[in-house]
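Q: Next up is a structure, given as structure tokens.
2 protein chains.
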Amino acid sequence: MRKIPESTIRRLSLYLRFLEEFEGQGVGTVSSEALAARGGTTSAQVRKDLSFFGSFGKRGLGYGVHELARRLREILGLGRRYRVVLIGAGKIGSALVQYKGFRQRGFDIVAIYDSDPAKVGVAWNGMITRDVQQLAEDLPGLQPEIAVVVTPADAAQDVTNRLVQAGVKAILNFAPIQLDVPDDVAVKTVNRALEL
Amino acid sequence: MRKIPESTIRRLSLYLRFLEEFEGQGVGTVSSEALAARGGTTSAQVRKDLSFFGSFGKRGLGYGVHELARRLREILGLGRRYRVVLIGAGKIGSALVQYKGFRQRGFDIVAIYDSDPAKVGVAWNGMITRDVQQLAEDLPGLQPEIAVVVTPADAAQDVTNRLVQAGVKAILNFAPIQLDVPDDVAVKTVNRALEL
DNA sequence: GTTTGTGAAACGATTCACAGCT
DNA sequence: AGCTGTGAATCGTTTCACAAAC
Chain A
0 MRKIPESTIR
10 RLSLYLRFLE
20 EFEGQGVGTV
30 SSEALAARGG
40 TTSAQVRKDL
50 SFFGSFGKRG
60 LGYGVHELAR
70 RLREILGLGR
80 RYRVVLIGAG
90 KIGSALVQYK
100 GFRQRGFDIV
110 AIYDSDPAKV
120 GVAWNGMITR
130 DVQQLAEDLP
140 GLQPEIAVVV
150 TPADAAQDVT
160 NRLVQAGVKA
170 ILNFAPIQLD
180 VPDDVAVKTV
190 NRALEL
Chain B
0 MRKIPESTIR
10 RLSLYLRFLE
20 EFEGQGVGTV
30 SSEALAARGG
40 TTSAQVRKDL
50 SFFGSFGKRG
60 LGYGVHELAR
70 RLREILGLGR
80 RYRVVLIGAG
90 KIGSALVQYK
100 GFRQRGFDIV
110 AIYDSDPAKV
120 GVAWNGMITR
130 DVQQLAEDLP
140 GLQPEIAVVV
150 TPADAAQDVT
160 NRLVQAGVKA
170 ILNFAPIQLD
180 VPDDVAVKTV
190 NRALEL
């Protein structure tokens, strides 16, 4: 029982959200069936997902809402805070700085960079946008766990190289391009597109 | 060779984007290998994806960039326009009305609804927000192919019921809830959340 | 009696590997 | 010689089904 499916992780955060709902409604215990109904999966799926990490339920009874929520937060690494640098102070970048959910989920933006002289020096949420040229120099002091790349596609790979060079091991990429990184660096590219 | 993987469809629109890039660069022909490199997959994957829909390449040569792009647009139903109604004139809703990419991709918003009296009557892009109570009455005249639900979670199911009742067969759901619909209605729930 | 936890079976997607066309 | 198209093999995920726990 080693490798955990990526899809399991995605569902785990869903479950957590539902548990928090149940918690708010004063529900003390849920069955895998109830969780599944809320999330549009099956009870077997819920149980298998959880079983990757241990056994948190009581047979014949279900799961303690509060306890399971706690365990999930633990598994998902919530409660822990992450230092993140943001590269790109354009539209998405500045939206992210102001987005409260980001901070709520444990992500603290500790610096913002841009290459456009018109954007450098502008303050967002009390943080002054710095020149991307200073990135290499600043990173050792910032010690960010995560970098968020929100540059145009043509700048993304260059920025990524600098980040990797400086030892960043996790990148969240909003640029519409496949970033080339060493195996020990995790990249998650998010697709800002709608399709049907 | 009947059922086409959902993931194949997702990749197809990626391929199309890359082909348009190549087209812009005056490239006349691509191999599956070249497309794969651009998109971070493998050549076998590209060929298998395309093979679900026919054989568009020339052995020993590759694919005609222009022709393949045309075929993909055809397969993906682009070029066709869709009439969409938007339910919810809140933050995301109003962003969507103004989002140009939506229209560019063939989606024409033909009406906007909200239940909040303060929002009803407000014009977005020259379109006046109407009261959601009028939905049932209006839909037969609007004949929308798609409805986009951007209401709060507690209103979403109710709105959905009305839409289904009126014969809408495709719903794009931004509310953080699992919508319950008959089998012949397609729902795509999009998750406005960031995780890592 | 109810509901979990989990091997085993079924299913679905990706990768391999090669025959066949250009 | 080069590259596609595709069955067959492989790999990963979901579903089944049931013994064990309460």
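Chains A and B, in that order, give the protein sequences. For the first sequence, numbering that gives the first Met the number 0 begins at 0 and goes up steadily by one. For the second sequence, numbering that gives the first Met the number 0 begins at 0 and goes up steadily by one. We treat Cβ as the ideally placed atom computed from N, Cα and C, and that holds for glycine. Nothing here was measured: the structure is a model prediction, and the numbers come from that model.
1) Tell me whether the region 139-153 of chain A and the region 76-85 of chain A touch, counting them as touching only if at least three CB pairs, one residue from each stretch, are closer than 8 Å.
2) So, under 8 Å CB-CB, alanine 154 of chain A and serine 114 of chain A are touching, yes? Tell me the CB distance rounded to an integer number of Å.
3) Please report the distance separating the alpha-carbon of threonine 150 of chain A from that of glycine 166 of chain B.
4) Is DSSP giving aspartate 113 of chain B helix, strand or coil here?
5) Can you check which of these residues, B:Arg79, B:Leu178 and B:Glu22, is closest to valine 64 of chain B by C-alpha distance?
6) Can you check DSSP and say which residues form a bridge with phenylalanine 106 of chain A?
7) Please list, in chain order, the chain A residues whose beta carbon lies closer than 8 Å to that of glycine 39 of chain B.
8) With a threshold of 8 Å, are at least 3 pairs of Cβ atoms found where one atom belongs to the region 6-15 of chain B and the other to the region 181-189 of chain A?
9) Just curious, the alpha helix (DSSP H) that lysine 47 of chain B is in, first and last residue?
10) So, is the C-beta of tryptophan 123 of chain A closer than 7 Å to a C-beta in chain B?
11) Have a look at proline 181 of chain A and leucine 162 of chain A and give me their C-alpha separation to the nearest angstrom.
12) Starting from glycine 23 of chain A, trace the alpha helix (DSSP H) in both directions and tell me its first and last residue.
13) So, at 6 Å on beta carbons, what are the nonlocal neighbours of isoleucine 241 of chain B in its own chain, with the 5 sequence-adjacent residues on each side left out?
14) By the DSSP assignment, the alpha helix (DSSP H) with asparagine 160 of chain A in it spans what residues?
15) On the DSSP bridge list, what partners appear for alanine 36 of chain A?
16) How would you label leucine 195 of chain B, buried or exposed, when you count the other beta carbons within 10 angstroms and need 16 or more for buried?
17) According to DSSP, simplified to helix, strand and coil, what is arginine 129 of chain B?
18) Excluding the 5 residues preceding and the 5 following leucine 141 of chain B in the sequence, name in chain order all residues of the same chain whose CB lies nearer than 8 Å to its CB.
19) State the CB to CB distance for the pair arginine 72 of chain B and glycine 78 of chain B, rounded to an integer number of angstroms; the pair is presumed to be in contact (CB under 8 Å).
20) To the nearest angstrom, how far is the alpha carbon of asparagine 190 of chain A from that of glutamate 5 of chain A?
21) Glycine 61 of chain B and serine 30 of chain B: beta carbons closer than 7 Å?
22) Which first and last residues belong to the alpha helix (DSSP H) in which lysine 90 of chain A is found?
23) I need the straight-line Cα distance from aspartate 157 of chain B to glycine 100 of chain A, nearest angstrom please.
24) In chain order, what residues of the same chain have a beta carbon less than 6 Å from the beta carbon of glycine 56 of chain A, not counting five sequence neighbours either side?
A: A quick look at the data gives this:
1) yes
2) Taking the first residue of the first sequence as position 1, residue 154 of chain A is located at position 155. Taking the first residue of the first sequence as position 1, residue 114 of chain A is located at position 115. With 8 Å as the limit, alanine 154 of chain A and serine 114 of chain A qualify as a contact, their Cβ atoms being about 7 Å apart.
3) On the first sequence, residue 150 of chain A is found 151 positions in, with the first residue counted as 1. On the second sequence, residue 166 of chain B is found 167 positions in, with the first residue counted as 1. The straight-line gap from Cα to Cα measures roughly 42 Å.
4) On the second sequence, position 114 is the one that residue 113 of chain B refers to. Secondary structure at aspartate 113 of chain B: strand, using DSSP grouped into helix, strand and coil.
5) Walking along the second sequence from the start, residue 64 of chain B turns up at place 65. Residue nearest to valine 64 of chain B within the set B:Arg79, B:Leu178 and B:Glu22 is B:Glu22 (criterion: CA-CA distance).
6) In the first sequence, the residue the question calls residue 106 of chain A occupies position 107. DSSP, once it has assigned bridges, lists A:Tyr81 as partnering phenylalanine 106 of chain A.
7) Locating residue 39 of chain B in the second sequence gives position 40, where the first residue counts as 1. Going along chain A in sequence order, the residues near glycine 39 of chain B (Cβ under 8 Å) are Gln177.
8) no
9) Stepping through the second sequence from its first residue, residue 47 of chain B is reached at position 48. Run containing lysine 47 of chain B: 42-50, per the alpha helix (DSSP H) assignment.
10) Translated into positions along the first sequence, residue 123 of chain A becomes position 124. No, tryptophan 123 of chain A does not count as interfacial toward chain B.
11) On the first sequence, position 182 is the one that residue 181 of chain A refers to. On the first sequence, position 163 is the one that residue 162 of chain A refers to. Their Cα atoms are separated by approximately 12 Å.
12) Residue mapping note: residue 23 of chain A aligns to position 24 of the first sequence, counting from 1. That run of the alpha helix (DSSP H) goes 5-23.
13) Examination of residue 241 of chain B is not possible in this model, given that chain B is present from 0 through 195 alone.
14) The sequence position of residue 160 of chain A within the first sequence is 161, counting from 1. First-last of the alpha helix (DSSP H) with asparagine 160 of chain A: 152-164.
15) To locate residue 36 of chain A, count along the first sequence from 1; it is residue 37. Beta-bridge pairing links alanine 36 of chain A to no other residue.
16) Within the second sequence, residue 195 of chain B is the residue found at index 196, counting from 1. Per-residue confidence for leucine 195 of chain B stands at a pLDDT of 48, beneath the threshold of 50, marking its modelled position as unreliable; no derived number is given.
17) The residue you call residue 129 of chain B lines up with position 130 of the second sequence. Strand, per DSSP.
18) Taking the second sequence and counting its residues from 1, the one referred to as residue 141 of chain B is at position 142. The answer, listed in chain order, is Arg82, Val84, Val109 and Ala110.
19) Working through the second sequence from its first residue, we reach residue 72 of chain B at position 73. Working through the second sequence from its first residue, we reach residue 78 of chain B at position 79. Between glycine 78 of chain B and arginine 72 of chain B the Cβ distance is about 5 Å, and since that is below 8 Å, they are a contact.
20) If you number the first sequence from 1, residue 190 of chain A lands on position 191. If you number the first sequence from 1, residue 5 of chain A lands on position 6. So the two alpha carbons sit approximately 17 Å from each other.
21) As a first step, residue 61 of chain B is located in the second sequence; it is residue number 62 there, counting from the start. As a first step, residue 30 of chain B is located in the second sequence; it is residue number 31 there, counting from the start. The Cβ atoms of glycine 61 of chain B and serine 30 of chain B lie closer than 7 Å to each other.
22) Mapped onto the first sequence, residue 90 of chain A falls at position 91. First-last of the alpha helix (DSSP H) with lysine 90 of chain A: 90-97.
23) Residue 157 of chain B sits at position 158 when you count from the first residue of the second sequence. Residue 100 of chain A sits at position 101 when you count from the first residue of the first sequence. Going from the Cα of aspartate 157 of chain B to the Cα of glycine 100 of chain A covers about 27 Å.
24) To locate residue 56 of chain A, count along the first sequence from 1; it is residue 57. Only Tyr62 meet the Cβ criterion.
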